[in-house]
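**Q** This is the structure, below, for whatever I ask next.
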Amino acid sequence: MSTATIVKLPPQETARLPKRSYLNNEYGLMSWLLTGDHKRIAILYLISITFFFFIGGAMAGLIRLELLTPQSDLMAADTYNKVFSMHGIIMVFLFLVPSVPATIGNFVLPIMVGAKDLAFPKINLLSWYLYIFAGCFTLAALVLGGVDTGWTFTTPLSTHYLNTHVITAGIGVFIAGFSSIFTGLNFIVTVHRMRAPGMTWFRLPLFVWSHYAASILMVLGTPVLAITLVLVILERAIGIGVFDPTKGGDPLLFQHLFWFYSHPAVYIMILPGMGVISEVISTFSRKRVFGYTAVAFSSVAIAVFGFFVWAHHMFIMGVSNYSALVFSLLTMLVAVPSAIKIFNWAATLYKGSITFETPMLYAFGFMGLFTIGGLTGVFLGSLGMDIHLTETYFIVAHFHFVMVGGMLMAYLAGIHFWWPKMTGRMYPEALSKLAALVTFIGFNLTFFPQFVLGYLGMPRRYAAYPPEFQVLNVLSTAGATVLGIGYLLPMLYMTWSLKYGKIAGSNPWQATGLEWQIQSPPLTENFVETPIVDHEAYDYEWLAHKTQHEVQTVG
Amino acid sequence: MHFISPVLWQFLVNWLTHFALFPPEASGIAPDTDALYFFLVLISVVGLGVVALLVVLFSVLYRQERNPEATQIEGSTLLEATWTIIPLALFMVTFVWGALLYFRIYNPPTNAMNIYIVGKQWMWKAEHPGGQHEIDALHVPINRPVQLTMISQDVFHSFSIPAFRVKREVIPGRYSTVWFEATKTGTYHLFCTQYCGTLHSQMIGEVVAMTPEDYERWTAGSTSGSSLAQNGERLFASLGCASCHSGNADAHGPNLAQAYGSKLQMANGSFVTVDDAFLRDTILNPTMHQVAGYAPIMPTYQGQISEEGLIDIVEYIKNLNSNYRVQQTLNTSQVQTTAPAAPSAGQGMVKQ
Numbered sequence: 000m001s002t003a004t005i006v007k008l009p010p011q012e013t014a015r016l017p018k019r020s021y022l023n024n025e026y027g028l029m030s031w032l033l034t035g036d037h038k039r040i041a042i043l044y045l046i047s048i049t050f051f052f053f054i055g056g057a058m059a060g061l062i063r064l065e066l067l068t069p070q071s072d073l074m075a076a077d078t079y080n081k082v083f084s085m086h087g088i089i090m091v092f093l094f095l096v097p098s099v100p101a102t103i104g105n106f107v108l109p110i111m112v113g114a115k116d117l118a119f120p121k122i123n124l125l126s127w128y129l130y131i132f133a134g135c136f137t138l139a140a141l142v143l144g145g146v147d148t149g150w151t152f153t154t155p156l157s158t159h160y161l162n163t164h165v166i167t168a169g170i171g172v173f174i175a176g177f178s179s180i181f182t183g184l185n186f187i188v189t190v191h192r193m194r195a196p197g198m199t200w201f202r203l204p205l206f207v208w209s210h211y212a213a214s215i216l217m218v219l220g221t222p223v224l225a226i227t228l229v230l231v232i233l234e235r236a237i238g239i240g241v242f243d244p245t246k247g248g249d250p251l252l253f254q255h256l257f258w259f260y261s262h263p264a265v266y267i268m269i270l271p272g273m274g275v276i277s278e279v280i281s282t283f284s285r286k287r288v289f290g291y292t293a294v295a296f297s298s299v300a301i302a303v304f305g306f307f308v309w310a311h312h313m314f315i316m317g318v319s320n321y322s323a324l325v326f327s328l329l330t331m332l333v334a335v336p337s338a339i340k341i342f343n344w345a346a347t348l349y350k351g352s353i354t355f356e357t358p359m360l361y362a363f364g365f366m367g368l369f370t371i372g373g374l375t376g377v378f379l380g381s382l383g384m385d386i387h388l389t390e391t392y393f394i395v396a397h398f399h400f401v402m403v404g405g406m407l408m409a410y411l412a413g414i415h416f417w418w419p420k421m422t423g424r425m426y427p428e429a430l431s432k433l434a435a436l437v438t439f440i441g442f443n444l445t446f447f448p449q450f451v452l453g454y455l456g457m458p459r460r461y462a463a464y465p466p467e468f469q470v471l472n473v474l475s476t477a478g479a480t481v482l483g484i485g486y487l488l489p490m491l492y493m494t495w496s497l498k499y500g501k502i503a504g505s506n507p508w509q510a511t512g513l514e515w516q517i518q519s520p521p522l523t524e525n526f527v528e529t530p531i532v533d534h535e536a537y538d539y540e541w542l543a544h545k546t547q548h549e550v551q552t553v554g
Numbered sequence: 000m001h002f003i004s005p006v007l008w009q010f011l012v013n014w015l016t017h018f019a020l021f022p023p024e025a026s027g028i029a030p031d032t033d034a035l036y037f038f039l040v041l042i043s044v045v046g047l048g049v050v051a052l053l054v055v056l057f058s059v060l061y062r063q064e065r066n067p068e069a070t071q072i073e074g075s076t077l078l079e080a081t082w083t084i085i086p087l088a089l090f091m092v093t094f095v096w097g098a099l100l101y102f103r104i105y106n107p108p109t110n111a112m113n114i115y116i117v118g119k120q121w122m123w124k125a126e127h128p129g130g131q132h133e134i135d136a137l138h139v140p141i142n143r144p145v146q147l148t149m150i151s152q153d154v155f156h157s158f159s160i161p162a163f164r165v166k167r168e169v170i171p172g173r174y175s176t177v178w179f180e181a182t183k184t185g186t187y188h189l190f191c192t193q194y195c196g197t198l199h200s201q202m203i204g205e206v207v208a209m210t211p212e213d214y215e216r217w218t219a220g221s222t223s224g225s226s227l228a229q230n231g232e233r234l235f236a237s238l239g240c241a242s243c244h245s246g247n248a249d250a251h252g253p254n255l256a257q258a259y260g261s262k263l264q265m266a267n268g269s270f271v272t273v274d275d276a277f278l279r280d281t282i283l284n285p286t287m288h289q290v291a292g293y294a295p296i297m298p299t300y301q302g303q304i305s306e307e308g309l310i311d312i313v314e315y316i317k318n319l320n321s322n323y324r325v326q327q328t329l330n331t332s333q334v335q336t337t338a339p340a341a342p343s344a345g346q347g348m349v350k351q
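Residue numbers (numbering that gives the first Met the number 0), protein chains in the order written: chain A, 0 to 554; chain B, 0 to 351.
Spelled out as structure tokens, the structure:
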């Protein structure tokens, strides 16, 4: 591996963290719990989603342990059902949806556009409180005895046939939805109204574009989830019969409503991750992102098309063959902008000056795994193929490649990339490279066998399975162990670095974003004076010129 | 091989003897599905290969030691067009290919024999027209198209036979269909693939594909004594249906003989083709399906007939088309105690 690095740290003997920053501007618990500062709220989010990530991860560990043997022997079938339901609910609604936008986005998006804060700081704080309430309801459902609907809350199973805490969990997800609506709303208004002078739309970093696209999805899609959950809760509590065929209702209606949100939700999860990848790849190849406008508009295209593909979750559910045809066609179209992004990132490397710091390794991991995840999505979007593959482990592998291989890799890339900005300190480089490698290997070992399992026909959500599937399941469980270590490592060394990490200085990566031109950790008001933007995003010549100028002034 | 731990050794043996990438190809559809799968795997490998090649190649060529100064490039419309059009073209091929396959799997041929499937938590019940009932098992002959008409009596289930590459959701309150033609004798997995509650993973069974001769033998050996249509006939009488649907000119209800497959004019002026779903809906929700020229006096039978009972009646009404003795039964409003011969499979299934 190459040893060259772009990391430029201040001399460690003399370097100190800035005297004043958002971290030490105020002290005491209340200064955090009542803060309006987007950076502090981002830290609150970071701590809370990490907590839920490890709960969800523990559930994943239990699932893989149970599947080590063909019999349902570690836990009863009901327990298994509760464990995978909780794993899904926590990971989707309490980790993946808020992961990048609510932590990294919250922290850097206002700084990237040159603003002092988000448009509505109090709504931002409210969004975190809603998230915490949602988390409490979900944990309550877990502690009181669990819920076994699966994360999809499928009716009429959830409304008439289960005797678990469906309503509690439903309220949790309902509230989590509003938390994400508020985040999206805040981002949209901030991007429209609070850009610094000279920060035109086409000078915005691609991170902002992808967050803008994701925010549109959050604001327009999430209310449908809320409506659906209210209907489920009403149906369960007082039997209004919307989804009950014996009362003239239609259980398929639930599927339409649920997927109308939950397919766009996939893009809510992945788009912010794509924004991270654009920043990271540009920074570590010292090059502007190839085809800026194509990448920016592909985010918007994904957001628009993302709303019109939901019924591809229902190809085998007795929808009309012709509507299936239309949804399959649109699904093929939504795959194209993702392909455009991948090729543009690859082309960004061309004639770059590439170094391989940890965020870049995660970004490479993202590109490989997301490509596999995206292409296997085409398998599932193809009507005839979907019949055999849907509801098997193939689909489990597919969305884990996108969500874990894609999104979680992007999240880790982003956390490592902006860690020096958030804390003012560097994480340990060698250890983090090891963690990136362990994660990549563990991930592939866990989820690649599941594609094969799926094609062999192993259904998802099975506590017990025919013995001939055992070998592949053992491989997958072994991989999950490795993957678990890969996730624990950053947790440990990141915490360690808070006290012992090297002082990062304001711009350790020599990156061009506005957030790198201010001190680390930033001041509460971000900028000493409002920046005036006179260059495009990823303008490394401007950065070189500016650095030279600074040196001259100081010298 | 004593130097390997027994656990590992067993694992290796297991791996080598059980490792498979594909389930058995045991239906007419299976090779076609696999062909599309190979195509998709191929374009995925090529696509991933191109991306990986670019990333690795550029990482080697343009790493900082070799290329200390990056060359800024705006972009290229030609390249953007290239990597828009080529994936789009490949995806369109996938789309058309997949659509053709889908329409084939979900449009049964007209000569398919029909078997009814009722799903419930947590078992599969199969009802053969000849009156054979099975639980968590399905016996079918090879080299003959078999259509399944399926319904759930509680939650969503999904009927999946990986070896045949077919699967379809089994929905409460609605018939769904799927068909296949088994090509190899053998016993194959039957899975419920839609999560349906506690014992979802126990809602499994086996599909036994048999030679036509074996199938005849099995049919003869496992008959329950009366066909579905005969059961339906009895239900028809005991529920008092015949008092209105007597077939007489002055009857309160429409004549059901020859009704199946015909086009009926409804009270609101629209025309409806009478099929299984229509018959079932009409029995449960008569006021929603008012036939022109008749008073809306039929009561609902919601909650009074099980899904199996509904299947029996539907099967009975289907068979009225071809069974003159049942016509006589209707005319005399009496139930014949001698059973009509079990309808030979395939009869009455003809699509119009």
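Ideal Cβ positions, reconstructed from N, Cα and C, are used throughout, including at glycine.
Remember, predicted model here, so these are calculated numbers, not experimental data.
Just to confirm before moving on: does the CB-CB distance between B:TYR115 and B:GLU126 stay below 8 Å?
**A** yes
**Q** Under the DSSP definition of a beta bridge, which residues are partnered with B:THR186?
**A** B:VAL207
**Q** Roughly how many angstroms lie between the CA atoms of B:MET122 and B:HIS199, to the nearest whole one?
**A** Counting only the Cα atoms, B:HIS199 lies some 9 Å from B:MET122.
**Q** Establish whether the CB of A:ARG194 and some CB of chain B are separated by less than 8 Å.
**A** no
**Q** Between the stretch 200-226 of chain B and chain A, which residues of the former have a C-beta closer than 9 Å to a C-beta of the latter?
**A** Legend: CB atoms of the stretch 200-226 of chain B lying less than 9 Å from CB atoms of chain A belong to residues SER200, GLN201, ILE203.
**Q** Assuming contact is defined by CB atoms lying nearer than 8 Å, are B:GLU354 and A:ILE315 in contact in what I supplied?
**A** Nothing in the structure corresponds to residue 354 of chain B, since chain B is present only between 0 and 351.
**Q** Following the continuous beta strand (DSSP E) through B:TYR115, name the residue where it begins and the one where it ends.
**A** 112-119
**Q** Any C-beta of chain B sitting closer than 8 Å to the C-beta of A:SER327?
**A** yes
**Q** For B:ARG279, count neighbouring Cβ atoms within 10 angstroms of its own Cβ and tell me buried if that reaches 16, exposed if not.
**A** buried
**Q** Give the DSSP-derived three-state secondary structure of B:PHE235 in the structure shown.
**A** helix
**Q** Span of the beta strand (DSSP E) holding B:SER175?
**A** 175-179
**Q** So which residues of chain B does A:THR245 contact, with C-beta pairs closer than 9 Å?
**A** Within chain B, PRO171, GLY172, LEU283, GLN301, GLY302 have C-beta atoms less than 9 Å from the C-beta of A:THR245, given in sequence order.
**Q** Taking 8 Å as the cut-off, decide whether the C-beta atoms of A:ARG15 and A:ILE517 are in contact.
**A** no
**Q** Tell me, which residues are paired with B:SER269 by DSSP?
**A** DSSP, once it has assigned bridges, lists no residue as partnering B:SER269.
**Q** How would you label A:ALA236, buried or exposed, when you count the other beta carbons within 10 angstroms and need 16 or more for buried?
**A** Classification for A:ALA236: exposed.
**Q** B:VAL6 to B:VAL12, Cα distance in whole Å?
**A** 10 Å
**Q** Taking Cβ positions, are A:LEU513 and A:TYR21 nearer each other than 8 Å?
**A** no
**Q** Just curious, the beta strand (DSSP E) that A:MET316 is in, first and last residue?
**A** Counting along the chain, A:MET316 falls outside any beta strand (DSSP E), and DSSP gives it neither H nor E.
**Q** Check whether the Cβ atoms of A:ILE371 and A:VAL437 sit closer than 8 Å, and answer yes or no.
**A** no
**Q** Apart from the five residues just before and just after B:LEU309, which ones in its own chain have a Cβ nearer than 6 Å to its Cβ?
**A** ARG279
**Q** Give every residue of the same chain whose Cβ lies closer than 8 Å to the Cβ of A:ARG202, excluding the five residues on either side of it in the sequence, and list them in chain order.
**A** VAL532, HIS534, GLU535, ALA536
**Q** Going by DSSP, what residue range makes up the alpha helix (DSSP H) through A:THR222?
**A** The amino acid occupying residue 222 of chain A in the given sequence is Pro; Thr does not appear at that position. Segment 205-237, the alpha helix (DSSP H) holding A:PRO222.
**Q** Tell me which same chain residues have a C-beta within less than 7 Å of the C-beta of A:PRO155, skipping the five on either side of it?
**A** Excluding positions up to five away in sequence, the list reads PHE242, ASP243, PRO250.
**Q** Mapping the DSSP letters down to three states, classify A:HIS159 as helix, strand or coil.
**A** helix
**Q** Which residues in chain A sit within 7 Å of B:GLY46, going by Cβ to Cβ distance?
**A** THR370, LEU374
**Q** Show which residues of chain A have a CB atom less than 9 Å away from the CB atom of B:ALA136.
**A** Ordered by position in chain A, no residue passes the 9 Å Cβ test against B:ALA136, which lies about 15 Å from the chain.
**Q** Please list the partners that A:ASP72 has in chain B, where partner means a Cβ-to-Cβ separation under 9 Å.
**A** Chain B residues near A:ASP72: none, gap ~12 Å exceeds 9 Å.
**Q** In chain B, what lies closer than 9 Å to A:ASN525 by C-beta?
**A** Under the 9 Å cutoff, chain B gives no residues; its nearest Cβ is about 28 Å from A:ASN525.
**Q** Any Cβ of chain A within less than 8 Å of the Cβ of B:HIS188?
**A** yes
**Q** Output the distance between the C-alpha atoms of A:PRO69 and A:VAL470, rounded to the nearest integer angstrom.
**A** Distance between the alpha carbons of A:PRO69 and A:VAL470: 10 Å.
**Q** Quick one: give me the first and last residue of the alpha helix (DSSP H) that A:PHE450 is part of.
**A** Unbroken alpha helix (DSSP H) run through A:PHE450: 428-455.
**Q** Please tell me whether B:MET91 has its Cβ less than 8 Å away from any Cβ of chain A.
**A** yes
**Q** Along the chain, where does the alpha helix (DSSP H) containing A:MET384 start, and where does it finish?
**A** 382-388
**Q** Closest to A:PHE439 by C-alpha separation, out of A:LEU205, A:ARG460, A:LEU482, A:THR102, would be which residue?
**A** A:LEU482
**Q** Could you work out which residue in A:SER277, A:PRO100, A:TYR321, A:SER178 is closest to A:LEU125 when comparing CA atoms only?
**A** A:SER178
**Q** A:PRO244 by DSSP, collapsed to three states: which one?
**A** helix
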